[in-house]
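J.:
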């Protein structure tokens, strides 16, 4: 497993525990981390109580990165930097959803 991804998972957990990430934001951050991990390794490192939420997100995975609309923060960022960051986050979320969809629902056809 990538140490940086493990660090991200741990940081997200701490932020959630401290109220810095909402119950909506925390699973989204976990999905983004799933983009760079093997499915089984990912499951070993996430809270078991969030598995149903992750399954729900995977079941409704976007068909393409442009369909992801979770990211809009950045009041103190220039518009160019904000769009660049949002594009990266959309790509990461899309890849994580696809990996989770394949892991949770291997018999389903991939979305077009």
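In the numbering used here, the protein residues as written are 1074 to 1185.
Cβ coordinates follow ideal geometry from the N, Cα and C atoms, glycine included.
(1) How about residue 1177 and residue 1132: are their beta carbons less than 9 Å apart?
(2) Three or more C-beta pairs under 8 Å: does that hold for the segment 1132 to 1142 against the segment 1114 to 1121?
(3) Output needed for residue 1085: all residues of its chain with C-beta closer than 8 Å, excluding positions within five of it in sequence on either side, in chain order.
(4) Tell me the DSSP secondary structure of residue 1085 in three-state form.
(5) Let me make sure I understand the geometry here. Which of 1161, 1159, 1170 and 1162 has the alpha-carbon closest to that of residue 1136?
T.: Judging by the given coordinates:
(1) A contact, by the Cβ cut-off of 9 Å.
(2) Using a Cβ-Cβ distance cut-off of 8 Å, the segment 1132 to 1142 and the segment 1114 to 1121 are not in contact, since fewer than three pairs of beta carbons, one from each stretch, lie closer than that value.
(3) Exclusion of the five residues before and after residue 1085 leaves 1094, 1099, 1102, 1103 and 1106 as the residues of its chain whose Cβ lies within less than 8 Å of its Cβ.
(4) Shown here, residue 1085 sits in a helix according to DSSP, grouped into three states.
(5) Between residue 1136 and the set 1161, 1159, 1170 and 1162, the nearest pair of CA atoms involves 1170.
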